[in-house]
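Novice: Got a structure for you, questions after.
There are 2 protein chains.
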Amino acid sequence: MAKILTQKNITKKEVIIQKAALLFKTKSYRSVSMRELADALGVEAPSLYNHILSKSELLQEICFKVGNKFTVQIEMIESSTAPTVSKIETIIRFHIKTMLENFDEVFVANHEWKHLQEPYLGDFLSIRRNYEKSLVSLIETGIQKNEIKKINPYVAVLTILSAVRGLEFWQRNKKNISQQVLEDDMVNHLLNGIVN
Amino acid sequence: MAKILTQKNITKKEVIIQKAALLFKTKSYRSVSMRELADALGVEAPSLYNHILSKSELLQEICFKVGNKFTVQIEMIESSTAPTVSKIETIIRFHIKTMLENFDEVFVANHEWKHLQEPYLGDFLSIRRNYEKSLVSLIETGIQKNEIKKINPYVAVLTILSAVRGLEFWQRNKKNISQQVLEDDMVNHLLNGIVN
DNA sequence: ATAAAAAACTAATAATTGTTAGTTTTGCCC
DNA sequence: GGGCAAAACTAACAATTATTAGTTTTTTAT
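Below, the structure written as structure tokens:
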């Protein structure tokens, strides 16, 4: 029927991936059929295959785009000379910003990665493990420098990563609270606690 | 072929639900076929229907069992007279314990609820909303009593709930850290922060 | 305007899905 | 050990799935 609409500098493949991310987020990877995706793009299902190789390629593109984004960021932070606590704060703010700006893709990478096939599944998990290791090292350094309390660094990383990840539930309340308040309060909560 | 094994006081339906929770957790609701579930129970797929009504009933049972568990707990805490900070600590510890003891079902309730059909979907979301409201009220009370810093209570609830939810990533590291350390460190992190 | 390339279409594929109907086997009670 | 209910089985269903082959339309470049 119609044609896939493209804006400047956006390939049709990217348009498909974006729409796929939106649908995978709301309905899950397995629940979205290629017909449904094509429908959302105003096209018949087989037409998609002029631009993509397979359904699973869509998931791969989404997951690794997100994975690379965070990897690049952590490498930048690691090579900086700021105090450890500032580094942690930077990471938390980066997570929050990225989560809110690339909501669909981050959500899908967080939730649907398990449907990746090998070797992509292994690669993705490896990227994630390395990211976590970097964070653990960061916390350990902070403890050594006495910037951070003596706690189990794995638990701290788990707590921080999970908390920022929870922003995926944010949409509902968007109206009430500004992103700035959200960011500041969460950073403060995770760094300084809530008890007076 | 074989028969569904039952222990004392456990109906065959419950055995099916448990196994379903395990499979739904690892492969997602949509990815687990009734044949696969039956296989895992040593039975043919149609035999399941002597005990259950449908695949979706399995998901309903799992989600509402978990939902009710948390609702009962929050109501108990609300009617107690302990200081607000203690109440919050109790809730965090309850989340951690429940997460670790009923891992499969909590995981499925957290991840697969979106595949519930109406009216179950609406009911489940309503239960969850009410739970969150109770927590927000608790934080607000704490702020009024000056037990807790002046922060946005929604952000605090989001941070706490997301952090404990993140325990689903815990399995991997189970070996290294005891549940007690995990619980104490996370409670401490969420209440008092990590910065010296 | 026309030829070539890109991208849409229709039709069809084999596999898998949840579930039903009907039948046979199993386990228990007297 | 005969009868009855519970629960297994086999066979089959209609629907849906991702994907392919082959064809026609649309866009692009000259």
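These protein sequences, in sequence, are chains Y and D. Residue numbering for the first sequence follows the numbering used here, starting at -10 and increasing by one per position. Residue numbering for the second sequence follows the numbering used here, starting at -10 and increasing by one per position. C-beta atoms are modelled at their ideal positions from N, C-alpha and C, and glycine is treated no differently.
Suppose only complete runs of 4+ residues qualify. What are the alpha helix (DSSP H) ranges in the stretch 97 to 177 of chain D, listed by chain order?
Specialist: Correct list: 109 to 133 and 142 to 154.
Novice: Does DSSP put L42/Y in a helix, in a strand, or in coil?
Specialist: Here residue 42/Y refers to the residue found at position 53 when the first sequence is read from its first residue. Coil at L42/Y, not helix or strand.
Novice: Taking 8 Å as the cut-off, decide whether the C-beta atoms of F13/D and E101/D are in contact.
Specialist: As a working mapping, residue 13/D is identified with position 24 in the second sequence. As a working mapping, residue 101/D is identified with position 112 in the second sequence. Yes, the Cβ-Cβ distance between F13/D and E101/D is below 8 Å.
Novice: Let me know the secondary structure DSSP gives T0/Y once reduced to three states.
Specialist: By one-based count along the first sequence, residue 0/Y stands at place 11. Residue state, collapsed to three classes: coil.
Novice: Among the candidates L42/Y, S17/Y, E172/Y and L11/Y, whose CA atom is the shortest distance from the CA of A29/Y?
Specialist: Along the first sequence, one-based indexing puts residue 29/Y at 40. It is L11/Y whose Cα lies nearest to the Cα of A29/Y.
Novice: For F187/Y, which residues in chain D fall below 7 Å Cβ to Cβ?
Specialist: Residue 187/Y is absent from the structure shown; chain Y starts at -10 and stops at 185.
Novice: In angstroms, rounded to a whole number, what distance separates the CA positions of T70/D and V146/D?
Specialist: In the second sequence, residue 70/D corresponds to position 81, counting from 1. In the second sequence, residue 146/D corresponds to position 157, counting from 1. Their Cα atoms are separated by approximately 21 Å.
Novice: Grab me the residues of E46/Y's own chain with a C-beta within less than 6 Å of its C-beta, minus the 5 sequence neighbours each way, in chain order.
Specialist: Counting from one through the first sequence, the residue named residue 46/Y turns up at place 57. Nothing meets the Cβ criterion.
Novice: Give the secondary structure of S75/D by DSSP, where H, G and I count as helix, E and B as strand, and everything else as coil.
Specialist: By 1-based counting over the second sequence, the position of residue 75/D is 86. DSSP places S75/D in helix when its eight states are reduced to three.
Novice: So what's S36/D in DSSP terms, helix, strand or just coil?
Specialist: The sequence position of residue 36/D within the second sequence is 47, counting from 1. Here S36/D sits in helix by DSSP.
Novice: Can you look up G56/D in the DSSP assignment and give me helix, strand or coil?
Specialist: Within the second sequence, residue 56/D is the residue found at index 67, counting from 1. In the structure shown, G56/D sits in a helix (DSSP, three-state: H, G or I).
Novice: Which chain D residues are close to M175/Y, counting only those with a beta carbon under 7 Å from its beta carbon?
Specialist: Looking up residue 175/Y in the first sequence gives position 186. Within 7 Å Cβ-Cβ: V144 and T148.
Novice: How would you call K134/Y, buried or exposed, if buried means at least 16 neighbouring beta carbons within 10 angstroms?
Specialist: The residue labelled residue 134/Y in the question sits at position 145 within the first sequence. So K134/Y ends up on the exposed side.
Novice: What are the boundary residues of the alpha helix (DSSP H) that K26/D is part of?
Specialist: For this step, residue 26/D is matched to residue 37 along the second sequence. The sequence given here has Leu at residue 26/D, not Lys. Counting along the chain, the alpha helix (DSSP H) containing L26/D begins and ends at M23 to A29.
Novice: With a threshold of 8 Å between beta carbons, is V170/Y in contact with chain D?
Specialist: Counted from its first residue, the first sequence places residue 170/Y at position 181. It does: the Cβ of V170/Y has a partner Cβ on chain D nearer than 8 Å.
Novice: Quick check: N181/D and G111/Y, are their CB atoms within less than 8 Å of each other?
Specialist: In the second sequence, the residue the question calls residue 181/D occupies position 192. In the first sequence, the residue the question calls residue 111/Y occupies position 122. Cβ distance not < 8 Å, so N181/D and G111/Y don't count as in contact.
Novice: So, are the CB atoms of I77/D and V153/D less than 8 Å apart?
Specialist: Taking the first residue of the second sequence as 1, we reach residue 77/D at position 88. Taking the first residue of the second sequence as 1, we reach residue 153/D at position 164. It is not a contact, given that the beta carbons lie outside the stated cut-off.
Novice: Which word fits A(-9)/Y, buried or exposed, when buried means at least 16 other C-beta atoms lie within 10 angstroms of its C-beta?
Specialist: Start at 1 with the first residue of the first sequence, and residue -9/Y comes out as number 2. Residue confidence is low: A(-9)/Y scores 47 on pLDDT, short of 50, so the model does not pin down where it sits. Its coordinate-derived value is still stated next. Per the 10 Å Cβ criterion, exposed.
Novice: Name, please, each residue of chain D whose Cβ falls closer than 7 Å to the Cβ of A219/Y.
Specialist: Since the first and last residues shown for chain Y are -10 and 185, residue 219/Y lies out of range.
Novice: Any idea what DSSP makes of S20/D, helix, strand or coil?
Specialist: Within the second sequence, numbered from 1, the residue matching residue 20/D stands at position 31. Of the three classes helix, strand and coil, the one that applies to S20/D here is helix, per DSSP.
Novice: I need the straight-line Cα distance from E172/Y to Y18/Y, nearest angstrom please.
Specialist: One-based indexing of the first sequence puts residue 172/Y at position 183. One-based indexing of the first sequence puts residue 18/Y at position 29. Approximately 30 Å, taken between the alpha carbons.
Novice: Would you check if there are 3 or more beta carbon pairs closer than 8 Å linking the stretch 107 to 126 of chain D to the stretch 60 to 70 of chain D?
Specialist: Contact between the stretch 107 to 126 of chain D and the stretch 60 to 70 of chain D is present, because at least three Cβ pairs lie under 8 Å.
Novice: Taking CB distances under 8 Å as the criterion, tell me whether G56/Y reaches chain D.
Specialist: For the purposes of this step, residue 56/Y is identified with residue 67 of the first sequence, where counting begins at 1. G56/Y does not count as touching chain D.
Novice: What does R19/Y touch in chain D if you count any residue whose Cβ is under 7 Å from its own?
Specialist: On the first sequence, position 30 is the one that residue 19/Y refers to. Ordered by position in chain D, the residues that pass the 7 Å Cβ test against R19/Y are S17, R19 and S20.
Novice: Classify G56/D: buried if its beta carbon has 16 or more other beta carbons within 10 angstroms, exposed otherwise.
Specialist: Taking the first residue of the second sequence as 1, we reach residue 56/D at position 67. Per the 10 Å Cβ criterion, buried.
Novice: Looking at the C-beta of G111/Y, does it have a partner C-beta in chain D at a distance below 8 Å?
Specialist: Stepping through the first sequence from its first residue, residue 111/Y is reached at position 122. It does not: the Cβ of G111/Y has no partner Cβ on chain D nearer than 8 Å.
Novice: Hey, does N141/Y have any beta-carbon neighbour from chain D nearer than 8 Å?
Specialist: As a position in the first sequence, residue 141/Y is number 152, starting the count at 1. Interface residue, yes.
Novice: Going by C-alpha distance, which of I149/Y, K8/Y, F53/Y and N165/Y is nearest H84/Y?
Specialist: Working through the first sequence from its first residue, we reach residue 84/Y at position 95. Ranking the options by Cα distance to H84/Y, first place goes to I149/Y.
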